[in-house]
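Protein sequence lines, in the order shown, are assigned to chains A, B and C.
Those letters in the first sequence? Residues 1 to 306, by the working numbering.
Those letters in the second sequence? Residues 1001 to 1277, by the working numbering.
Those letters in the third sequence? Residues 2001 to 2421, by the working numbering.
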Amino acid sequence: MTLSPKLRNRITIFMMLFPTFLLLIAFYVYPTLYNLQLSFTDITLLQLRQGGDPVGLSNYIEFLTSNSFFDIALNTVFWLTAVTVALRLFLGLCFAILLNSRFLAEIRMTTIARLILLVPWATPPVVAVIAWRWLFDPRHGPINDLLLTTGLIDDPVAFMSNLTTVWPAIVTIVVWNTTPLVAVSLLAALQTVPEDLHEAAEIDGATRWQQFRFITLPFLTPTISVLALMSVIWTFNNFVYVWLATSAGPGTYTNVLATEVYIRAFIDLRLGYSAAIGVTMAVVMAVFGALYFRYFGLTEMQDKVG
Amino acid sequence: MRSYQRQGLSGAIESGGLALGFFVFAVFLLTPAYFVFKGSFENLTVSLVANESGWTLRNYFEIFSAGYFRYVVNSMIVCISATTLACTISLFTAYCLSRFRFRGRMFLFGAIMGGQFFPWIILVNPIFIVFARASLINSQLGLVLCYTAFITPFTVYLLVGYLTTIPKSLDEAAMIDGASRVVVVTKIILPIMWPGMVAAATFGFLQCWSEYLLALALITDNDLKTIPLGLYQYFGDVQTDWGAVMAGSVVATAPTLLLFLPLQRKLVSGLTAGATK
Amino acid sequence: MKTTLTRLMASAAILTITSMAASADVELTFRFNDSEREEMRAALDEFEAANPGITVELQTIAWGDSRDQFLREAAVGQGPDVVHIAFVWTQEMAEAGILRSIEELEGYQPLPNGFDDFIATELTEYEGQHWGLPWSADTWAMVYRTDVLAEAGISDLPTTWDELLADSRTIVENTDSVGFSFPAGNQIWFPVNYFLWSNGQEFISADGNGGYELGASADEVATAMEYFSTYIEEGLVSESILSIDVPHDPALMQALLDGDQAMALMPTNTFRQLLAAYEETHPGEDIPLQSGVMMAGSQAPQTHLGGRTLVVNANSDHPEEAWRLVQYLAAAPLFENYYVNQFPAQRSLLSQIDYRPEESGFSTQLAEHTRTWGAYASSGAGVGQMWNVTARAFGTALSGQSSASDTAADLLEELERMIAN
C-alpha cells in the first residue's frame, strides 16, 4: 500500500504537532476555560468544594471600576513592562555585541563572559531580590556608600521605600535577572550572521554603523521581535519581582495587575474575582499579541530572511 | 579581524571602550551574586552582616545535613527531563510550522503563543485540581509534564525563529536524496540548530529551575521537593536563617553553571562547522 | 505535670493495644511548618515507638503558603492527616468543611485535662462546635537596648505611646542611634492594633445584638496613622522601614545587634534569635537586651494572643490515629523535650514555663496583657483580608501618597464592606 505524497505530508504534519498540542490542551486550554468559568462566579478558596454562585459580569465590573484600576494598569504597562522590556533589549543587544566582539576573544575572556552572563540568569528571583534589597539598603548597602563617598548624595536614600526611587529599583532587579536571556538569544542570532557578508561590505567601504544597520540588524530582527513579544508577555504577567521586592508597596504604590491577582487569589482567597482580573489580562495580551503579529508577523520575518 | 586589525587611535579607543564595557558588564552582573557567594561562607544568623570575620563552611554543612542534596537531585531530574522533552517536541513542531504550508498554520502558531497570555499564578488552582484527579500530586512525572508545557511555547517560537535562518534548499536537497522528514530534522537540521537548541534549552532549564508556585502546589512530599521549595523553607514565620539561604542559593546556582559549561563549547563548535554557508 | 504524663501514657498504652488488634499499619502525615524539624522528627520517632503500627511522615512547607495549600488539597479530598495552622485560620477552614470537630474526635479519646484547659478556644468555634486544638501560644512585646537607653539618659522604660515617641526624640538627639523603629510594611498590622486597643478602640467590634460594627472612627484611625507617621516625618527612623514587612528583617535585626536602634517590638521567637545572635557575637558579655510590656494608651496595653492550632483533616482515613497523634503533640513532654522554644497553649502548662530574665516582658505580656482577635475573627470579615487592606492603607498614608484622614476613611469603608459580606 502506498500513500499519496499529500496524505503522507499530512500524517507527518500531524505527528509532528500532536505531542505539543496534547500538552497545550491539557495545561493551557482546559485550565483557561475553567478559569473563564470561575470568573463569572463568586467562588472563594473556602468554597472550592461546593462551588460558587454565578454573578454574571459583576467581578469584571468591580475590577474595572475600582479606584485603583487606573494606577495598577499604568504601573503594569509603563513601569513593569515598557521600561524593563526596552531596557533589557537595549542592554541585551549591547552585551551580545560585546560578547561577540573580537576584543573579548583577543583577551581570552569570551567563555568567562558567557559564564558571567549565566550567573544572574541562574539566580532564583527570590535570591536576586534579597541581594539587591541589601545592596540598596540605606545603612548597610554598598550603593548608598558609593553614592555618599562620591558626594552624589548627602543622605542615604531608602531606594525601596522612597516613592521616586522604588520603581527604578524594581526595574533594576528585573533587568538584572532577565537581561541574560535576551543577551544569550541575541548572541546566538549574531553568530548566524555570515562573516563573509561583513567582509564583502568592508571591501565596499561600508562604515561599521552601516554594516550593523544593513547586515547585522536584519539578521537579528526576527530574534528581537520574538524576544520583545515574549518579554512583554512574561513581564506583564509576572508577579514575583514586585511581590518579593516591595509586596506592591509602599501602600499600593507599586501594585501591578499580577500582584493584584496574587493578592486577591492567595490572600483574600477570592478565586472568582482574581480569575476575572486574569481573564482581563489575557485579553489585553491577546490583543497586543494579535497587533504585534500583524506588524511583525512570522511570514514577514521569513520573507525577510528566508 | 575586522575590528581588531584597525590601527592607531580609533582602534585604541574602540578597545578601550570595549574594555570599559566589559568591566561595567561584569560588575553589574556579578556584584549581587558575589554578595550572595560571600555570604554563604560567613557566619550569618539573623542578619546579612557577618557575626564575626573569617569564613566558614557551617552554612553548607547545615543545609546538606538537612537533606538539601536531595532537592538538588530532584531539581536536576525534573528540569533536565522537562527541558529535553520540551526541546524534542518543540523541534518537530517548529520544523513543521516553518517548513510546511497548510491551512490553519497561523492559527496553530497563534494558539501556541496564546498559552502564554494567561498569568501563570491563576492557573495554579485549576492545574492542581486536574492533577489531583489524575493522581499526579507528589509525582515527578506530573511536574515534568507541567514544566514541559510551561516552557514549550517559547522554545517553539525560538526554534521557529532560528529555522528561518536555515535555507530550505538544505532539506530539499536531502529529500531529493530520499531522506524522510524525520531524518532531515535529526540529521540535517539538528546539527545546524545547535545555537538555537542550546539557547532554548538554557531558557527552558532555567525557567524550570527557579519555579516555585507550581512546585509548591504539586509537591509536598519531602523526598520529591525541588530546590526552590527547599530554599523557601528557610524563610520562617518569625525568623530567617540567612546563612542557610545564602548557601542554598549558591548550591542552587552552581549546578546550572557547571551544566552549561560544556554546552557553551558545543554552541561554538556548532557554529564553526560552517554549515550555514 | 507528672500525673498528666502518667495518665496520657496509660491511655496511650490502652489505645495502642486496642488499635493493634484492630488495624493493620497506618501511615499518617503531619504537616508542621516551624523550623524545628529535626526535633519534631525525633518526637515523632518516639510516638512511633510508643504506637507500633503507626508511622508518621513529616511534611514542611513555608508558612506563608500553607493556608492556601491545605485549602486546595482538602477541597479535592487530599492533604495531610494532621495540620499545623494559625489560630485565625481555624474558623475559615471549619467553614470550608475540611476539618473534623474536637467534639467528634473526643469520642475516640477524651482530652486528659479537658478542652477548657486550652486557651483561645473561642477562635476554634464555628457553628457551635470546635474544630482545632490550640497548640502553641505567642505574642509580641517590646525589646530594648538598655545600653543605648542609658547613653541617652533614659532611666525608666517608656510605658505609653507618647513616652515612646518622646524617648525616641531624646535618643536621636543624644546618641547616634534611632529610638523606636518598626516594620511599616505588612506587619504594621500588629502595632496598629496594639495602638488602637490600648486606646479602647478596635477595627471591628460586636454590636451586642449578635452583629458586628466598626469599632473605631475615621478620626481615631487617622490618629493612629499620624502617630506612626510622625516617626518618619520627624526623621526619627529611616524611611526604609516602609519596605520592611517583618520584625525579623535583617536590617532591623542588625540595627539592634549593633546598638543602632534602641527600641523595637517583635514576637518571642524573634527575640530569642536576637539573643542567640548577640551571645554569639559578644561571647561572655552581659546582654544589653531586655524585653518589656507593650505601650499603654488611655487604657492598659494589649497585644494579640497568637498561636498555632492542630487540626485533623476531614479527608483523613485514620481520624482515630490522627487524634492520638494530636494528643501526643499537645502533651507536656513534647514541650519539655522537643518543642522547647514554644509555649504550650494550655493553662495547666503555661504556668510552669521558665523564662530567662531578659524575657520577662514577654511573660508578663502573655500572662496579663493579651486579647484574641475576637470580633475580627468571629465577624467573618477574615483576619487575613483585614490585615492586608489595613497594612496597605497605612503604607499609603505613611509614604505620603494621600492624607491620613482620606486613607482612614477609605479603609473603614472597605472594612465595613467586609463586615457586610
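Glycine included, every Cβ here is placed at the ideal spot set by N, Cα and C.
Worksheet item: Is the beta carbon of Ala206(A) sitting closer than 8 Å to the one on Asn237(A)?
Response: no
- Message: Can you check whether the C-beta of Ile263(A) is within less than 8 Å of a C-beta belonging to chain C?
- Response: yes
Problem - Best match in Ala2381(C), Val2293(C) and Gly2307(C) for proximity to Thr2159(C) [C-alpha to C-alpha] - result: Val2293(C)
Requested in this report: Could you name the residues of chain B that Arg4(A) contacts, counting a contact when the two beta carbons are closer than 9 Å?
Outcome: A small fix is needed here, since residue 4(A) is Ser in this sequence, not Arg. What Ser4(A) touches in chain B: nothing, since even the nearest Cβ is about 15 Å away.
Tell me, please, which residues DSSP counts as bridged to Asn2313(C).
Leu2099(C)
The alpha helix (DSSP H) enclosing Tyr1068(B), as first and last residue numbers:
Tyr1068 to Arg1099
* **Contacts of Thr2396(C) in chain A (Cβ-Cβ under 8 Å)** => Pro250, Gly251, Thr252 and Tyr253
_Along the chain, where does the alpha helix (DSSP H) containing Asp2045(C) start, and where does it finish?_
Arg2037 to Ala2050
What residues of chain C sit near Ala1217(B), judged by a beta carbon separation below 7 Å?
Gln2069 and Arg2072
Chain A within 8 Å of Tyr1234(B), Cβ atoms only:
no
query: Can you name, in chain order, every residue of its own chain whose Cβ lies under 6 Å from the Cβ of Leu3(A), other than the five neighbours on each side?
result: none
- On a CA-only basis, which of Pro2080(C), Ile2085(C), Glu2127(C) and Glu2048(C) is nearest Glu2103(C)? Give me that one, please. Glu2127(C)
Next on the checklist: Could you tell me the alpha carbon to alpha carbon distance between Thr2090(C) and Gly2380(C), rounded to whole angstroms?
Outcome noted: 12 Å
> Are the C-beta of Met2253(C) and some C-beta of chain B separated by less than 8 Å?
Replying inline: yes
query: By DSSP, does Val1049(B) sit in helix, in strand, or in coil?
result: coil
Does chain B have any CB closer than 8 Å to the CB of Gln2091(C)? no
Pairwise C-alpha distance: Tyr2231(C) and Glu2163(C)
13 Å
Do you know how far the Cα of Gly251(A) is from the Cα of Asp2406(C)? 14 Å
Would you identify the three-state DSSP class for Glu2125(C), choosing helix, strand or coil?
strand
Counting only Cβ pairs nearer than 7 Å, list the residues of chain B close to Pro2267(C). Val1238
Open item on the list: Along the stretch 1130-1147 of chain B, where does the CB come closer than 8 Å to a CB of chain A? Name the residues.
Closed with: Val1130, Leu1145 and Cys1146
Does any C-beta atom of chain B lie closer than 8 Å to the C-beta of Gln2078(C)?
yes
* Can you tell me which of Val1073(B), Val1251(B) and Tyr1157(B) puts its alpha carbon nearest to the alpha carbon of Pro222(A)? => Tyr1157(B)
**OP:** For Trp121(A), I'd like the list of residues in its chain whose CB is within less than 7 Å of its CB, leaving aside the five on either flank, ordered along the chain.
**Re:** Pro180 and Leu181
Worksheet item: Can you list the residues of chain C that Trp1242(B) reaches, using a CB-CB cut of under 9 Å?
Response: Pro2250
*asked:* Let me check understanding here. Comparing Cα to Cα, which of Ala1247(B), Phe1260(B), Tyr1212(B) and Arg1058(B) lies closest to Ser1075(B)?
replied: Tyr1212(B)
Note to self: Between the alpha carbons of Ser1180(B) and Ser1169(B), how many angstroms are there, rounded?
What the structure shows: 15 Å
query: Should Leu2366(C) be flagged as near chain B, meaning a C-beta pair shorter than 8 Å?
result: no
*Range of the contiguous beta strand (DSSP E) that encloses Gly2179(C)*: Val2178 to Phe2180
- [ ] State the beta-bridge partners of Pro2267(C) as determined by DSSP.
- [x] Trp2140(C)
Per-residue contacts from Phe1041(B) into chain C (C-beta, under 7 Å): Within chain C, no residue comes near Phe1041(B); the closest Cβ sits about 17 Å away, beyond 7 Å.
- [ ] Name, please, each residue of chain B whose Cβ falls closer than 7 Å to the Cβ of Thr2309(C).
- [x] None at all; the shortest Cβ gap to chain B is about 14 Å.
- Name the two residues that bound the continuous alpha helix (DSSP H) containing Glu2416(C). Ala2404 to Ala2420
Q) Taking Ile167(A) as the reference, which of Val256(A), Val287(A), Asp42(A) and Glu260(A) has the closest Cα? A) Note that residue 167(A) is Trp in the sequence shown here, rather than Ile. Out of Val256(A), Val287(A), Asp42(A) and Glu260(A), Val256(A) has the C-alpha closest to the C-alpha of Trp167(A).
Margin query: Taking beta-carbon pairs under 8 Å, can you tell me which members of the stretch 66-82 of chain A lie near chain B?
Written below: none
Just to check my reading of the structure: Phe1117(B) and Ile233(A) have Cβ atoms closer than 8 Å, yes? What is that Cβ distance to the nearest angstrom? 6 Å
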